[in-house]
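A.B. asks: Dropping a structure here in structure tokens format, bear with me for questions.
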Amino acid sequence: MTIKVPFVDLNLQHLPIQSQLQAAIQDVVTKGDFILGQAVSEFEGAFAAASGTKYGIGVASGTDAIALGLQACSIGAGDEVILPSNTFIATLIGVVNAGAKPILVDCHPQTALIDLEAAAKAITPQTKAIIPVHLYGQMVSPSQLLDFANTYKILIFEDAAQAHLAEKEGYTAGSIGLAAAFSFYPSKNLGAFGDGGIVLTSDANVAKKMRSLRNYGSSQKYVHIEPGTNSRLDTLQAAVLNQKLPYISQWNSDRLTIAQMYDRELAPLASAGILPMENQSGTGHIYHLYVIKIDDSCHLERQQIQEKLMVAGIQTGIHYPIPCHLQPAFTYLGYQPGDFPQAEKLSQQILSLPMYPGLTASQITEVINAMSSIIKDSKN
Ligand SMILES: *Cc1c(COP(=O)(O)O)cnc(C)c1O
């Protein structure tokens, strides 16, 4: 079986700029400033500015950006942090690694984004923060978030790992709350050649604390004012990211074009139970993933559809098959099946289709035709 449409193909974005990527890497090797070198501070400044914040502090991963970012916002032991159950596990791990208590809540069935009414019911006197996850590249409403944080006197810490330069209501992802975390895992909308992450903030104290936490808790060499760790964005990775940053707006808009094509061409399958996730904001969505739902009314199970697509040479994904509250590692949190019905239902129904810049119109047609004939054949 030949793969006609892979789920991700990073070569499509790297080959056209290969020579500049290689030159940037060679430049770091020549300079030898591998740890917190010039490319790191350049990238931190450029990415913060592009996202509408004052400071960027590069770290080793998105997971560390959440854990250290929360600590820099003075969140830790004894504090409760609200987050959605249907997110990548790293959001939860970040909260746990910061020493805080994660409080999971359900999501909206249409958008898969955190349900703020459910979050309101989870507030206690210990609640310090909410982590909206801008899942699949779509932002949680900034105005609703700010109202929420104001009402309950808690802070907002964004998980923007899937939302580089997404926009909504005049805000860019990462600029709504006190601080935000991003990941540069290779397949994210802006990806490095390995692991990487960043914390964005416009608060000078949070930025200062972050710089210390990622660098052994020191602001001055061999003087350690707090127990920090070693979690820095590699200079080599920053050099790669500097080269890729100028292209991200174009890449994001290429993704939007692909999403619009999927939306249009898959619309006739709605009556057969194949539904796109709802896009509330139009163009501000950056489609890290293009997710559809296989509804109860569909003749086929998701697994059957996924297998038939694979036979047709089309790779798909599921983001995510097990919601955080049902993950074996976190049974100690005490959640049960049935606690978050929307998240649980979505985890059974969602399917992610190939989505990346460079995907050709004929490949998209391939996916759509395969999907249409799978549905049609199943009815006969
Ligand atoms: C990728 C991702 C992370 C974690 O980032 P890493 O760099 O892989 O540690 C956190 N949250 C979400 C929503 C993600 O998609």
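Convert by adding 869 to the 1-based position in the sequence shown; the result is the number in this note's numbering. Every residue gets a Cβ at the ideal spot worked out from N, C-alpha and C, and that includes glycine. Since we're looking at a predicted model, the values are computed, not measured.
#1: Just to confirm, is the Cβ distance from L985 to Q1013 under 7 angstroms?
#2: Going by the CB atoms, is the gap between I1127 and I1143 shorter than 7 angstroms?
#3: Is there contact here, the segment 1054 to 1074 with the segment 972 to 983, by at least three beta-carbon pairs under 8 angstroms?
#4: Threshold first: 3 residues or longer. Then list the beta strand (DSSP E) segments lying entirely within the segment 1077 to 1103, N to C.
#5: Can you have a look at R1133 and say buried or exposed, based on whether 16 or more other CB atoms are within 10 angstroms of its CB?
#6: Report the residue from G1006, F957 and L1015 whose alpha carbon sits nearest the alpha carbon of I999.
#7: Do T932 and I962 have their C-beta atoms within less than 7 angstroms of each other?
#8: Exposed or buried, E949, counting other C-beta atoms within 10 Å across all chains shown (16 or more means buried)?
#9: What's the C-alpha gap between I1191 and I958?
#10: Which of the three DSSP states, helix, strand or coil, is assigned to P971?
#11: Check for me: the alpha helix (DSSP H) holding A959 runs from which residue to which?
#12: Taking 8 angstroms as the threshold, find out whether the segment 1055 to 1062 comes into contact with the segment 1168 to 1187 through three or more Cβ pairs.
#13: Would the C-beta of K1031 count as close to ligand 1, meaning under 6 angstroms from any of its heavy atoms?
#14: Please confirm whether A929 and S1081 have their CB atoms less than 7 angstroms apart.
#15: Nearest CA to the CA of K970: which residue from I983, A981, G945 and S1231?
#16: Where does the unbroken alpha helix (DSSP H) through D933 begin, and where does it stop?
#17: Can you tell me whether M1224 is buried or exposed? The criterion is at least 16 other CB atoms within 10 Å of its CB, across all chains shown.
#18: Under 7 angstroms, Cβ to Cβ, is there at least one residue of chain D near D1164?
#19: Bridge partners of T1221, per DSSP?
#20: Contact defined as beta carbons within less than 8 angstroms: I believe A1049 pairs with F1026. What is the distance between those atoms, to the nearest angstrom?
#21: Hey, could you find the ends of the beta strand (DSSP E) G927 is sitting in?
#22: Excluding the five sequence neighbours on either side, which residues of its own chain have a C-beta within less than 8 angstroms of the C-beta of P1055, listed in chain order?
#23: Is any heavy atom in ligand 1 found nearer than 6 angstroms to the beta carbon of D1132?
#24: Just to confirm my understanding: we take E1095, look at its own chain, exclude 5 residues before and 5 after, and list those with CB closer than 6 angstroms. What are they?
#25: Figure out for me which residue from M870, L1105 and Y1116 has the closest Cα to the Cα of Q839.
#26: Which one of M1240, Q1106 and L1125 has the shortest CA to CA distance from R1171?
C.D. replies: Considering the structure as presented:
#1: yes
#2: By the CB criterion at 7 angstroms, I1143 and I1127 fall outside the cutoff.
#3: no
#4: 1087 to 1089
#5: exposed
#6: Per the Cα distances, L1015.
#7: yes
#8: buried
#9: 9 angstroms
#10: strand
#11: I958 to N966
#12: no
#13: The sequence given here places Gln at residue 1031; Lys does not occur at that position. Result yes, Cβ under 6 angstroms from ligand 1.
#14: Not a contact, by the Cβ cut-off of 7 angstroms.
#15: G945
#16: G931 to A941
#17: buried
#18: Annotation note: the requested chain D is absent from the structure, which comprises a single protein chain.
#19: For the record, residue 1221 in the displayed sequence is Ser; it is not Thr. Bridge partners of S1221: V1160 and G1186.
#20: 7 angstroms
#21: Y924 to V928
#22: Scanning its chain for C-beta atoms nearer than 8 angstroms, with the 5 sequence neighbours on each side dropped, one finds around P1055 the residues L879, A1061, F1062 and G1063, in chain order.
#23: no
#24: G1086
#25: In the structure as shown, the chain starts at 870 and stops at 1249, and residue 839 therefore has no counterpart that could be examined.
#26: M1240
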